[in-house]
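Working notes, beginning with the structure itself.
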Amino acid sequence: MPEILTITTGGDLRTLLRDADLGKLHLSLDEADGGSAFTLLDTFDAQVAAAELLLLLTEDGLHLLGGAAPLVQAHAEPDFLARMPAGPVTKRLSGIVSPLRTLMSVAGGTLSRQGLRVLDDNEKTHLRGTLHVLDAGKGRTVSVSDLTPLRGYDKTLRKVGSALSGRAGKGKVNTMLEASAVLRGEDPALIGKTRVVMSADEKAFKAANDIIRAQLVAARRQEDGIRADLDSEFLHEYRVALRRVRSVISLFKGVYDDKQTADLKARFGAIMARTGRLRDLDVYLIEREAYLALVPEGFRPGIGKLFDMFAAQRDVEHAKLTAYLDSKAYQKEMAKLEALFDKTKALSKGPEAKRHALDYAKALIWKRYRKVCKIARDIDDATPDAQVHELRIECKKLRYLMEFFAPLFGDAEVRKLIKALKGLQDNLGNFNDYSVQQAALQAQAEALVGGTAADTVEIASGLGALVTVLHQKQLEERARVAASFAAFDSAETQAQFRSLFKPGGEAKP
Amino acid sequence: MKIVACYSNKGGVGKTASAVNIAYGLAKAGQRVLLCDLDPQGASGFYFRVKPSKKLTDARFFTDVKRFTSAIRGSDFDNLDILPANMSFRDFDVFLSRMKNSRSRLKKALKSVDKDYDVVLLDCPPNISTLSENVFKSADAILVPVIPTTLSERTFEQLLAFFDENGLPKKKILGFFSMVQGTKKLHSETVEAMRKRYGKRLLDVAVPFSSEVEKMGVHRAPVGTFARNNAAVKGYDLLCNELLERL
Chain A
151 MPEILTITTG GDLRTLLRDA DLGKLHLSLD EADGGSAFTL LDTFDAQVAA
201 AELLLLLTED GLHLLGGAAP LVQAHAEPDF LARMPAGPVT KRLSGIVSPL
251 RTLMSVAGGT LSRQGLRVLD DNEKTHLRGT LHVLDAGKGR TVSVSDLTPL
301 RGYDKTLRKV GSALSGRAGK GKVNTMLEAS AVLRGEDPAL IGKTRVVMSA
351 DEKAFKAAND IIRAQLVAAR RQEDGIRADL DSEFLHEYRV ALRRVRSVIS
401 LFKGVYDDKQ TADLKARFGA IMARTGRLRD LDVYLIEREA YLALVPEGFR
451 PGIGKLFDMF AAQRDVEHAK LTAYLDSKAY QKEMAKLEAL FDKTKALSKG
501 PEAKRHALDY AKALIWKRYR KVCKIARDID DATPDAQVHE LRIECKKLRY
551 LMEFFAPLFG DAEVRKLIKA LKGLQDNLGN FNDYSVQQAA LQAQAEALVG
601 GTAADTVEIA SGLGALVTVL HQKQLEERAR VAASFAAFDS AETQAQFRSL
651 FKPGGEAKP
Chain G
-1 MKIVACYSNK GGVGKTASAV NIAYGLAKAG QRVLLCDLDP QGASGFYFRV
49 KPSKKLTDAR FFTDVKRFTS AIRGSDFDNL DILPANMSFR DFDVFLSRMK
99 NSRSRLKKAL KSVDKDYDVV LLDCPPNIST LSENVFKSAD AILVPVIPTT
149 LSERTFEQLL AFFDENGLPK KKILGFFSMV QGTKKLHSET VEAMRKRYGK
199 RLLDVAVPFS SEVEKMGVHR APVGTFARNN AAVKGYDLLC NELLERL
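Protein sequence lines, in the order shown, are assigned to chains A and G.
All residue numbers for the first sequence refer to the numbering used here, where the first residue is 151 and numbers rise by one.
All residue numbers for the second sequence refer to the numbering used here, where the first residue is -1 and numbers rise by one.
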């Protein structure tokens, strides 16, 4: 596979290339095509662009720019990847685009294409490719060009690459993610994720408010996708954002006074409560195939019918949630909460509000880390499940605190520790999911009484089989907990926690 | 992979122009082609604007697989790569025998972008030497451009005699009429006489003379790229088809 140079810039690449010092080489452009309409496809959280690719839909097909080579396949409307026609583009995207996320139109405009060559003083071609100029209107233009060396001209590719490196052109666009953000009219730093700037000596009160404000923005960004029911991740992300808000409120003790804390907890809790049932049903439906595979053949028709029931319930729940999101009450409440954290004057401060964020963060994380270790070290095969559940909750709190304050400690360092924690969390999460699912399915079984006779028996026996398997799975996860913790509790990880978070120690800049 | 040598023991017969246009024609027909510029005077690489590689003057060149393959340059045309000129031929026989040996490192390394070349076309120097002898042994076909004149007929005869004397298989020789001027009585008479005498040693095709072919040096490109409908271009296309049938 030949090396390939992908140049991504804001504005029009042609100007950049003309100005670049290429020595004896020069640029030649074929005539541009007449221009055609394009739609930029991606998931809402820009998974394609994050993988340094741009997916374009034009009249003549699906085009994937970037990567080893530009790919093309026949025109197809965006959908979940698995539902789109097979071809080189969809093949390349599998493993990049989550099966839970749908591809959708995220921007559009006019695309003009033209052949591009780099030639030497003998007019011999060394590199060639295609220049794509994407214009989404309102000055939102980016250029993407691939350049492939002809055989034996790799040196030229490197030369042109270094002559152009660091010359981002208009709008400091260097990556596909940035190019995608320009076309979408979004802030590249915010596309798909939230990012909070934090300094060591700012007040804990400000840190808490900044995080909550960012999470509120993240939550509200998901609302249209939830309403349109594009995929289940919109609701999931919405809940994650609100859960983070609630974690800040409950974990940042003393930043708000007691009354304020209780009030905020109750108000965000009330919003979250509207979403729980729909999310549960989403999770079941996502796992439909996996559940079917868990039980013997004979029970599958019953399970199938059970899932049909879930699907019907889900439609009802989705309509309910949409109505809630559209309600004046919700809109008003959200506007009020946003205003509260925008202005912050109306928030009642607690005793810790004025503490420096770094001090405060260390104290919170260190305390939570020690608590996790204390609970975990006592766990053996005989420990009651309740304690394992408690460990799971403490781990989650620790994880959130580390994520919130990561900007203060260096993202890379914190990411390493979070990765260490993740193995334990996955184990505990599975343990919990199996336990919750058993309970929920049993509740479903009780609710079945009163269904039509034939179906009820069939579904109930399927349910029974499923609960049995889930119980078995839960026991397997339970048996792994001590080992998972031991893996997390390495001397190296301990030392890293101590050096990063132990109060009184030096923080990394 | 077939090795085809473009050879003439007489100068001024359009050998290099033929090699360039045949390489281009084969590539256009979908064959993956490597054109090796072995003629220090011919400079088929010149017609493709490829600069001669300095590294290639070294005698060790032909024994060094990596140096060989990294000297190959892509032409501006699909399926057509060039090995530029300026080389010493001391180890050329080693090189050729390795090219034929499917287990040799050279054979394995000698690939176009991802697959084997279909045709390796050698633009050979115009004399009978140790090199040409080895080329004659290794090549699957030897294309010999012949201008239909008495003198050319004599040199063609000499080449066949050389094959006889050295026990080389004459059926590899594929002569073709080049720079034919139909209006010249001598040309048409020689063509007729030689066809009778040499039969299958001559391809059916006759590439006509064209001033466009002479302009290749100005354009620095195969004639087919700037004079698409020229009679010589059609001649070369027919020649490519016939060559592929014979291989």
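Positions of the beta carbon are idealized from the N, C-alpha and C atoms, including for glycine.
Note that the structure is a prediction, hence the values are computed from the model and not measured.
Item, Value
"Which residues in chain G sit within 8 Å of G265/A, going by Cβ to Cβ distance?", "Residues of chain G passing the Cβ test: none, with the nearest at roughly 12 Å."
"What would DSSP say about L81/G, mapped onto helix, strand or coil?", "strand"
"So, for R278/A: in the same chain, excluding its five sequence neighbours on each side, which residues have a beta-carbon less than 6 Å away from its beta-carbon?", "R267"
"Drop a sphere of 10 angstroms on the beta-carbon of N19/G, count the other beta-carbons inside from all chains shown, and report buried for 16 or more, exposed for fewer.", "buried"
"To the nearest angstrom, how far is the alpha carbon of I362/A from that of A615/A?", "43 Å"
"Three-state secondary structure (DSSP) at V347/A?", "coil"
"Under three-state DSSP, which class holds A378/A?", "helix"
"Nearest-angstrom Cα distance between L366/A and D360/A?", "10 Å"
"So, for A25/G: in the same chain, excluding its five sequence neighbours on each side, which residues have a beta-carbon less than 7 Å away from its beta-carbon?", "V31, F75, D76, N77, L78"
"If you pair each beta-carbon of the region 636 to 649 of chain A with each one of the region 463 to 476 of chain A, do three or more pairs fall below 8 Å?", "no"
"Would the region 9 to 19 of chain G count as touching the region 172 to 180 of chain G if we require 3 or more Cβ pairs under 8 Å?", "yes"
"Evaluate K512/A with the Cβ neighbour count: other Cβ atoms within 10 Å of its Cβ, from every protein chain shown; 16 or more gives buried, anything less gives exposed.", "buried"
"Taking the straight line between their C-alpha atoms, what separation do you get for K194/G and F66/G?", "43 Å"
"Are at least three pairs of beta-carbons, each pair with one atom in the region 152 to 171 of chain A and one in the region 221 to 234 of chain A, less than 8 Å apart?", "no"
"Just the chain G side, please: which residues come within less than 8 Å of K274/A by C-beta, in chain order?", "F46, R47, V48, K49, D74"
"Name, please, each residue of chain G whose Cβ falls closer than 9 Å to the Cβ of L300/A.", "R71, G72, S73, D74, D79"
"What does DSSP give as the partner residues of L258/A in its beta bridges?", "Looking at the sequence provided, one finds Gly at residue 258/A rather than Leu. Beta-bridge pairing links G258/A to T189/A."
"Would you tell me roughly how many angstroms separate the C-alpha atoms of L163/A and S16/G, rounded to the nearest one?", "41 Å"
"Helix, strand or coil: which one does DSSP assign to Y519/A?", "helix"
"Specify whether the region 643 to 656 of chain A and the region 186 to 204 of chain G touch according to this definition: at least 3 beta carbon pairs, one from each stretch, less than 8 Å apart.", "no"
"Would you tell me roughly how many angstroms separate the C-alpha atoms of V2/G and L119/G, rounded to the nearest one?", "5 Å"
"Taking the beta strand (DSSP E) that T275/A belongs to, which residues open and close that run?", "275 to 285"
"Assuming Q588/A and V631/A are in contact, meaning their beta carbons sit under 8 Å apart, how far apart are those beta carbons, in whole angstroms?", "The pair is not a contact, with the Cβ atoms about 18 Å apart (cut-off 8 Å)."
"Any idea which residues DSSP pairs H506/A with across the strands?", "K353/A"
"So, with DSSP's three-state summary, where would you put L238/G?", "First, the residue type needs correcting, since residue 238/G is Cys and not Leu in the sequence shown. In the structure shown, C238/G sits in a helix (DSSP, three-state: H, G or I)."
"Are the region 524 to 538 of chain A and the region 377 to 384 of chain A touching by the rule of at least three beta carbon pairs closer than 8 Å?", "no"
"Chain A beta carbons: is any one of them nearer than 8 Å to that of V221/G?", "no"
"Against chain G, with Cβ distances strictly below 8 Å, would Y303/A count as a contact?", "yes"
"So, is the C-beta of A57/G closer than 8 Å to a C-beta in chain A?", "Reliability fails at A57/G, whose pLDDT of 49 lies under 50, so the model's placement of it is uncertain and no value is given."
"Taking 8 Å as the cut-off, does the region 576 to 595 of chain A touch the region 553 to 567 of chain A (at least 3 CB pairs, one atom from each stretch)?", "no"
"Quick one: measure Cβ to Cβ for I157/A and S295/A, integer angstroms, because I've assumed they're closer than 8 Å.", "5 Å"
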